[in-house]
Amino acid sequence: MKAEHLRLGWCLVAPTPADDLAPSATQGLWSVAADLNGVQPGSEEWDQWYLDLNAARQACAASPVPGTVVVELAVDARDAARLLHEAPHANGWRLDLLREQIPSPSTSGILGHEPVGGQDYLLEHSWHCFSYPDELTAPPHTVTVNERGLLASHAVSERVVTHCQADRRLHGELWVGLRLCLV
Numbered sequence: 033m034k035a036e037h038l039r040l041g042w043c044l045v046a047p048t049p050a051d052d053l054a055p056s057a058t059q060g061l062w063s064v065a066a067d068l069n070g071v072q073p074g075s076e077e078w079d080q081w082y083l084d085l086n087a088a089r090q091a092c093a094a095s096p097v098p099g100t101v102v103v104e105l106a107v108d109a110r111d112a113a114r115l116l117h118e119a120p121h122a123n124g125w126r127l128d129l130l131r132e133q134i135p136s137p138s139t140s141g142i143l144g145h146e147p148v149g150g151q152d153y154l155l156e157h158s159w160h161c162f163s164y165p166d167e168l169t170a171p172p173h174t175v176t177v178n179e180r181g182l183l184a185s186h187a188v189s190e191r192v193v194t195h196c197q198a199d200r201r202l203h204g205e206l207w208v209g210l211r212l213c214l215v
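With this note's numbering applied, the sequence shown closes on residue 215, and no number is skipped along the way.
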């Protein structure tokens with residue numbers, strides 16, 4: 033049986049004030065998007081995920097930002113195939129672990145799912161960067177976010193990704209739903 037989710041890497045995240053982006057995120061907004069995650073990038077690139085867990089842990093220990101944690105980033109196997117096909121040589125897109133098809137063993141500690149995307153960098157935007165939470169959490173839509181501003185399931189994340197990719201404002205951007213698991 034094929035793995036349901038494949039490992040992309042690890043990222044540093046710190047809850048940031050949700051403010052207007054996600055008022056229901058009572059524990060702060062947990063986002064891996066570079067402009068929202070509250071942690072200084074681990075490299076000069078916007079895609080600051082790590083391919084080595086120990087390097088991520090060391091960076092987390094050295095982070096001056098209170099509440100910084102390491103999360104594993106995983107993508108659904110179908111999304112992984114799409115990423116590898118559509119963005120094989122994209123600048124800064126570190127897909128090494130994805131190419132190796134390493135299953136994500138995390139089944140507990142799932143914080144939620146976050147639709148992310150971009151043209152130049154995968155973690156360039158979160159769905160929170162635009163008005164999608166306002167649009168999709170209002171009737172007639174049935175999207176809800178948890179206390180961290182994340183989506184509850186991959187299925188819901190897929191619906192949001194489909195909505196984002198259909199948006200003409202984001203022409204040319206590639207979107208995917210990431211599963212975030214506490215390490």
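Beta carbons: idealized from backbone N, C-alpha and C, even for Gly.
The model shown is predicted, which means the values in this text are computed figures rather than measured ones.
- In chain order, which alpha helix (DSSP H) runs of at least 4 residues are fully inside the region 91-136? 109-118, 128-131
- Using the C-alpha atoms, what's the distance from V102 back to G74? In this prediction, G74 has a pLDDT of 47, which is less than 50 and means its spatial position is unreliable; nothing more can be read from the coordinates.
- Buried or exposed: which applies to E132, given that a residue is buried once 16 or more other Cβ atoms fall within 10 Å of its Cβ? exposed
- Message: Given a cut-off of 8 Å on the beta-carbon distance, is the pair L68 and C161 in contact?
- Response: yes
- Task: Output the distance between the C-alpha atoms of I142 and R211, rounded to the nearest integer angstrom.
- Result: 7 Å
- Query: Does DSSP put L38 in a helix, a strand or coil?
  - Reply: strand
- Is R191 helix, strand or coil by DSSP? helix
- Among all the DSSP beta bridges, which residues are the ones paired with C213? E104, I142
- W42 versus D199: straight-line alpha-carbon distance, rounded: 29 Å
- Item | Buried versus exposed, by CB contacts within 10 Å (16 or more), G150 | buried
- Message: Buried or exposed for D111, going by 16 or more other Cβ atoms inside 10 Å?
- Response: buried
- Task: Please work out which residues of its chain come closer than 7 Å, Cβ to Cβ, to L83, disregarding the five sequence neighbours upstream and downstream, and give them in chain order.
- Result: G41, R126, D128, L129
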